[in-house]
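Number of protein chains: 2
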Amino acid sequence: MISFSEALSIVIANSTRAMPTETVPLVLAAGRVLANSVVATENIPPMPNSAMDGYAIHAEDVTTASVDMPVALQVIGESAAGSPFPGVVGRGQAARIMTGGILPEGANGVIEVEATTETDTTVLVRRAIRLWESVRAAGEDIQEGAEVIPAGKRLTAADVGVLASLGIVNVPVRLKPIVGLLATGNELVEPFRTPSLGQIRNSSLPALYALCNSFGAEPIDLGIAGDDRDDLLESIEQGLRYDLLVTTGGVSAGEYDLVQEVLPELGVSIQFHQVNIRPGKPVMFGVYDVADQRTLVFGLPGNPVSTVVTFQQFVLPAMRTMLGMTEQPMHMAARLTSPIKKADSKRHFIRGIFSTDETGQLAVATTGTQSSGALSSVSKANCLIILPENSGFHESGDSVTIEFL
Amino acid sequence: MISFSEALSIVIANSTRAMPTETVPLVLAAGRVLANSVVATENIPPMPNSAMDGYAIHAEDVTTASVDMPVALQVIGESAAGSPFPGVVGRGQAARIMTGGILPEGANGVIEVEATTETDTTVLVRRAIRLWESVRAAGEDIQEGAEVIPAGKRLTAADVGVLASLGIVNVPVRLKPIVGLLATGNELVEPFRTPSLGQIRNSSLPALYALCNSFGAEPIDLGIAGDDRDDLLESIEQGLRYDLLVTTGGVSAGEYDLVQEVLPELGVSIQFHQVNIRPGKPVMFGVYDVADQRTLVFGLPGNPVSTVVTFQQFVLPAMRTMLGMTEQPMHMAARLTSPIKKADSKRHFIRGIFSTDETGQLAVATTGTQSSGALSSVSKANCLIILPENSGFHESGDSVTIEFL
Chain F
1 MISFSEALSI VIANSTRAMP TETVPLVLAA GRVLANSVVA TENIPPMPNS AMDGYAIHAE
61 DVTTASVDMP VALQVIGESA AGSPFPGVVG RGQAARIMTG GILPEGANGV IEVEATTETD
121 TTVLVRRAIR LWESVRAAGE DIQEGAEVIP AGKRLTAADV GVLASLGIVN VPVRLKPIVG
181 LLATGNELVE PFRTPSLGQI RNSSLPALYA LCNSFGAEPI DLGIAGDDRD DLLESIEQGL
241 RYDLLVTTGG VSAGEYDLVQ EVLPELGVSI QFHQVNIRPG KPVMFGVYDV ADQRTLVFGL
301 PGNPVSTVVT FQQFVLPAMR TMLGMTEQPM HMAARLTSPI KKADSKRHFI RGIFSTDETG
361 QLAVATTGTQ SSGALSSVSK ANCLIILPEN SGFHESGDSV TIEFL
Chain A
1001 MISFSEALSI VIANSTRAMP TETVPLVLAA GRVLANSVVA TENIPPMPNS AMDGYAIHAE
1061 DVTTASVDMP VALQVIGESA AGSPFPGVVG RGQAARIMTG GILPEGANGV IEVEATTETD
1121 TTVLVRRAIR LWESVRAAGE DIQEGAEVIP AGKRLTAADV GVLASLGIVN VPVRLKPIVG
1181 LLATGNELVE PFRTPSLGQI RNSSLPALYA LCNSFGAEPI DLGIAGDDRD DLLESIEQGL
1241 RYDLLVTTGG VSAGEYDLVQ EVLPELGVSI QFHQVNIRPG KPVMFGVYDV ADQRTLVFGL
1301 PGNPVSTVVT FQQFVLPAMR TMLGMTEQPM HMAARLTSPI KKADSKRHFI RGIFSTDETG
1361 QLAVATTGTQ SSGALSSVSK ANCLIILPEN SGFHESGDSV TIEFL
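Listed in order, the protein sequences are those of chains F and A. So for the first sequence, our numbering puts the first residue at 1; every next one is plus one. So for the second sequence, our numbering puts the first residue at 1001; every next one is plus one.
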């Protein structure tokens, strides 16, 4: 049985073949992983412009201006967003300017409309301004030549806005990995069926399907294969056409666990089986590498919590690597609100709920039952508490590592 | 000008008409908001079952068992997942059992296969077990009659698994709100066009479109209306057919701001205009209520950062209320890593990046430039730092409130 970090290294080392690139319209880019860094080919904003509605003026003209002693300037035109003022603002002059309007040549600051009074062709300015006050410099948001979004970033709504501002409307992203999902076990029935005595509804596959979608992968539901050899062979052969094949069940020590028998027969080279973790110890990982097809194969345990935890700890890191993602799951330290006894030398993943107090101290509590069948505990959790192999009794107030879900 | 909390109360008070309910297949339920609480109609697991591969036995039979002095039991059958053992395990007897297999009548514990040796019809047990050891009780995960998922929860992957385990494959959820998105401003061009002097590409609408999608609303892109009255009238009339209409630009003090003029003409009752916040002061909110149609109308400022911040602070809370959502944005306390000077009495929303140290202390830094044009700062941020109205200079080490993005 290998350690968690060894197992993770093996998964990562086998996930380095990058997903190919495709180009998608900007409107479909959010949530996708950027394939190439975006370097700005222009300044944003392209020209200095006004942050306020007001008047573009010379700061030097109003140094003495006050409410009691306003300074009068000659209004010579206006610069609205989209219709710049074509002339030059000279000393003693002002141009009306709207938010976003380009600062006319000559002007070196903007006085907001609220501090002025306009009459005929004259504006009275009632306060002094700093040089370049209320002016957004060219390139203030984005400078030409700067790397704006790094390759491997999962694009957020704000990133989409940044791309739009640069005119990048066809966005190079990594193809979504296609993930075959296959449940095994004679006891499982589709969720819409009424289970007979001893049967249970398959809950892992619907959960994994949703996890794939929310991560940004493309799940393919291969359904349930009973503990029948031929069924299983056919299902797995189909799954070996995808980027990843994830099975649930059939990897523990029981004699009916056929998955571990069938995979090698089909050419899957098993890299590890059993990892020193809880829940999820029986997790298996293999690689299918024939001609142009390479499939990462994960045999996850059948207990729903084990399934979800091992998916998060092994399958997601594989996909992040295949996508060249910069983003990693967020790990933070938090103080335990109640003690946890850990009797073995496994790495534990415990469902937790975190919060902070008014001083910014993170605290975390467990969700209660940690049975590996208790999917409802995952539903309540907002983080995993990670207890390392070498730790034993954790007292209330001890600092532990949590991973945000 | 009203305060942030007054403005938010007005928005919430006008958002109480709940979105209608629809029923979606389980596979489409993740990310949707549950309309009715789910109460378990059965126990999960339905019957006591084994957490291990091993033997179902009487705990009393093996109290003296050890490696040196194993106890021999008669193997009378087996209970595999999906094929329960139909008989009774008597004293001195054992039934082979697989993980997930139903505990046969009579047995009151499971010994894992690793602590046993089977020969012919006998199994040698090498250690004592506790009563009900390695047995998952009926209802251990979910008890019949318990509320499993509250109404108003946004369904996660784990929730989908819980629903599947209960056989709830048609899920009552709230309809997604339909949000019309309309940009205004003569200076704006579609992102795929080459801007002329004084023009800029529209970046707010693509960002809002992505925000709507990631929130779980249905955005409708109404495009750009120039500062032309008739254009604007037509676009807004169209938008008033949706659940929400969100405009960008056209709400500040400038004379070309037609949005504030046109909305009342079309029957929109303005509830507030200008809120004591930064960025986003010019934000406007109104309600259109004619016959069966009710549309919440948000006039957001045109600067991209102001647009995004006011969308998060006003439009999302409205939609959360319409959806009856229990989830609120996560607010936490964090210590500032550098001072922030706040010269006015507005409520500030500052783009920040948070982290924790090894003791679990949350810290937060600003992303640098806070210009309301700087969408790139939103792209870098993972939180908003919220500075309340009555605060002034914030020193390094001070505790501030952050909102996760």
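Note that the Cβ used here is the ideal one computed from N, Cα and C, for glycine as well.
*asked:* Quick test of the definition: if touching needs 3 or more C-beta pairs under 8 Å, does the segment 1189–1208 of chain A touch the segment 1142–1158 of chain A?
replied: no
*Write down every uninterrupted run of the beta strand (DSSP E) in the segment 218–270 of chain F whose length is 3 residues or greater and which is fully enclosed by it, in chain order.*
218–225, 244–248
*Anything in chain F within Cβ reach of R1130 (chain A), meaning under 9 Å, just list it in chain order.*
Numbered from its first residue, the second sequence carries residue 1130 (chain A) at position 130. The contacting residues do not exist; R1130 (chain A) stays about 13 Å from chain F at best.
*Could you check the C-alpha separation between E255 (chain F) and A1217 (chain A) for me, to the nearest Å?*
For the purposes of this step, residue 255 (chain F) is taken as the residue at position 255 of the first sequence. For the purposes of this step, residue 1217 (chain A) is taken as the residue at position 217 of the second sequence. A caution first: E255 (chain F) carries a pLDDT of 47, below 50, which makes its placement in the model too unreliable to give a value.
*Contact check, A183 (chain F) vs S204 (chain F) under 8 Å by CB: the rounded distance?*
Residue mapping note: residue 183 (chain F) aligns to position 183 of the first sequence, counting from 1. Residue mapping note: residue 204 (chain F) aligns to position 204 of the first sequence, counting from 1. Yes, they are in contact, since the Cβ atoms of A183 (chain F) and S204 (chain F) sit about 6 Å apart, within 8 Å.
*Fully enclosed by the segment 1274–1315 of chain A, which alpha helix (DSSP H) runs are 4 residues long or longer?*
1304–1310
*Which full runs of the alpha helix (DSSP H) of 4+ residues lie inside the segment 1320–1388 of chain A, going along the chain?*
1375–1380
*Hey, how far is the Cα of F314 (chain F) from the Cα of S1037 (chain A)?*
Mapped onto the first sequence, residue 314 (chain F) falls at position 314. Mapped onto the second sequence, residue 1037 (chain A) falls at position 37. Using only the alpha carbons, I get a separation of about 33 Å.
*When DSSP labels each residue in this structure, what does L1181 (chain A) get in the three-state scheme?*
Sequence index remark: in the second sequence, residue 1181 (chain A) carries index 181 (1-based). The answer is strand: DSSP assigns L1181 (chain A) an E or B state.
*asked:* For the pair the segment 345–360 of chain F and the segment 377–397 of chain F, tell me if three or more CB-CB distances fall below 8 Å.
replied: yes
_Buried versus exposed call for G1280 (chain A) [16 or more other C-beta atoms within 10 Å across all chains shown]_ = Here residue 1280 (chain A) refers to the residue found at position 280 when the second sequence is read from its first residue. Label assigned to G1280 (chain A): buried.
_According to DSSP, residues forming a beta bridge with F272 (chain F)_ = As a first step, residue 272 (chain F) must be located in the first sequence, where it is residue number 272. The partner list for F272 (chain F) (beta bridge, DSSP) reads F:F285.
_Only counting the same chain, and skipping five residues up and downstream in sequence, which positions put a Cβ closer than 7 Å to that of D1221 (chain A)?_
Position 221 of the second sequence, counted from the first residue, corresponds to residue 1221 (chain A). L1181, L1205, Y1209.
_Beta-carbon spacing of L323 (chain F), V33 (chain F) below 8 Å_ = Counted from its first residue, the first sequence places residue 323 (chain F) at position 323. Counted from its first residue, the first sequence places residue 33 (chain F) at position 33. Contact flag set, yes.
*Within 8 Å (strictly less), CB to CB, does Y209 (chain F) reach chain A?*
Here the question's residue 209 (chain F) lines up with position 209 in the first sequence. Answer yes: the Cβ-Cβ gap between Y209 (chain F) and chain A drops below 8 Å somewhere.
_Using a Cβ-Cβ cutoff of less than 7 Å, which residues in the same chain neighbour L1131 (chain A) once the five nearest sequence positions on both sides are dropped?_
Along the second sequence, one-based indexing puts residue 1131 (chain A) at 131. Excluding sequence neighbours, L1131 (chain A) sits near A1059, N1108, G1109.
*Establish whether the CB of S396 (chain F) and some CB of chain A are separated by less than 8 Å.*
For the purposes of this step, residue 396 (chain F) is taken as the residue at position 396 of the first sequence. It does not: the Cβ of S396 (chain F) has no partner Cβ on chain A nearer than 8 Å.
*Say whether chain F places a C-beta atom closer than 8 Å to the C-beta of P1084 (chain A).*
In the second sequence, counting from the first residue as 1, residue 1084 (chain A) sits at position 84. True, the Cβ-Cβ gap to chain F drops below 8 Å.
*Measuring only between beta-carbons, confirm whether M1332 (chain A) sits less than 8 Å from chain F.*
Against the second sequence, residue 1332 (chain A) aligns to sequence position 332. So, interface residue.
*Do you know how far the Cα of A1072 (chain A) is from the Cα of M1098 (chain A)?*
By one-based count along the second sequence, residue 1098 (chain A) stands at place 98. By one-based count along the second sequence, residue 1072 (chain A) stands at place 72. Going by the C-alpha atoms only, they are around 20 Å apart.
*asked:* So G299 (chain F) contacts chain A; which residues on that side make the cut at Cβ distance below 8 Å?
replied: Residue mapping note: residue 299 (chain F) aligns to position 299 of the first sequence, counting from 1. By Cβ distance, chain A contributes nothing, its closest Cβ being about 14 Å from G299 (chain F), past 8 Å.
_Through-space distance from N276 (chain F) to R347 (chain F), alpha-carbon basis_ = Position 347 of the first sequence, counted from the start, is the residue given in the question as residue 347 (chain F). Position 276 of the first sequence, counted from the start, is the residue given in the question as residue 276 (chain F). Taking the straight line from one Cα to the other gives about 6 Å.
*By Cβ distance below 6 Å, which residues in the same chain neighbour A318 (chain F) in space, the five residues on each side in sequence not counted?*
Counting from one through the first sequence, the residue named residue 318 (chain F) turns up at place 318. Hits under 6 Å: V11, S15, L296.
*asked:* So if DSSP puts G109 (chain F) in a beta bridge, which residue, or which two residues, is it bridged to?
replied: On the first sequence, residue 109 (chain F) is found 109 positions in, with the first residue counted as 1. G109 (chain F) is bridged to F:I57.
*Using three-state DSSP, classify F1404 (chain A) as helix, strand or coil.*
By 1-based counting over the second sequence, the position of residue 1404 (chain A) is 404. F1404 (chain A) falls in the strand class under three-state DSSP.
*List the residues of chain F that S1376 (chain A) touches, going by C-beta distances under 7 Å, in chain order.*
For this step, residue 1376 (chain A) is matched to residue 376 along the second sequence. The answer, in chain order, is D141, I142, V148, V162.
*How big is the Cα-Cα spacing for P987 (chain A) and P1104 (chain A)?*
Lying outside 1001 to 1405, the shown extent of chain A, residue 987 (chain A) is not represented and no answer is given.
*How many angstroms separate the CA atom of C1212 (chain A) from the CA atom of F1311 (chain A)?*
Numbered from 1 along the second sequence, position 212 holds the residue referred to as residue 1212 (chain A). Numbered from 1 along the second sequence, position 311 holds the residue referred to as residue 1311 (chain A). When rounded, the distance between both Cα atoms is 10 Å.
_Under 9 Å by beta carbon: chain A residues contacting R17 (chain F)_ = Position 17 of the first sequence, counting from 1, holds the residue named residue 17 (chain F). In chain order: nothing, as chain A lies at least about 26 Å away.
*Inter-residue CB distance, F272 (chain F) and P329 (chain F) (contact presumed, cutoff 8 Å)*: The count along the first sequence starts at 1 and reaches residue 272 (chain F) at position 272. The count along the first sequence starts at 1 and reaches residue 329 (chain F) at position 329. Their Cβ separation, rounded to whole angstroms, is 21 Å, which puts F272 (chain F) and P329 (chain F) out of contact at 8 Å.
*In the structure shown, what three-state DSSP assignment does A29 (chain F) receive?*
Translated into positions along the first sequence, residue 29 (chain F) becomes position 29. Coil.
*Ignore the nearest five residues each way along the sequence and tell me which others in K341 (chain F)'s own chain have a CB closer than 7 Å to its CB.*
Looking up residue 341 (chain F) in the first sequence gives position 341. Result list for K341 (chain F): F393, in chain order.
_Output needed for A1035 (chain A): all residues of its chain with C-beta closer than 6 Å, excluding positions within five of it in sequence on either side, in chain order._
Within the second sequence, the letter at position 35 stands for residue 1035 (chain A). Cβ within range, chain order: T1021, P1172, V1173, R1174.
*chain F residues whose Cβ lies nearer than 7 Å to that of E1358 (chain A)*: For the purposes of this step, residue 1358 (chain A) is taken as residue 358 along the second sequence, with counting starting at 1. The contacting residues are A333, S399.
*Does the distance from the C-beta atom of T1122 (chain A) to that of V1075 (chain A) stay below 8 Å?*
If you number the second sequence from 1, residue 1122 (chain A) lands on position 122. If you number the second sequence from 1, residue 1075 (chain A) lands on position 75. Closer than 8 Å, so yes.
*asked:* List, in chain order, every chain A residue whose beta-carbon is nearer than 8 Å to that of N36 (chain F).
replied: The residue labelled residue 36 (chain F) in the question sits at position 36 within the first sequence. Simply none; closest approach about 16 Å.
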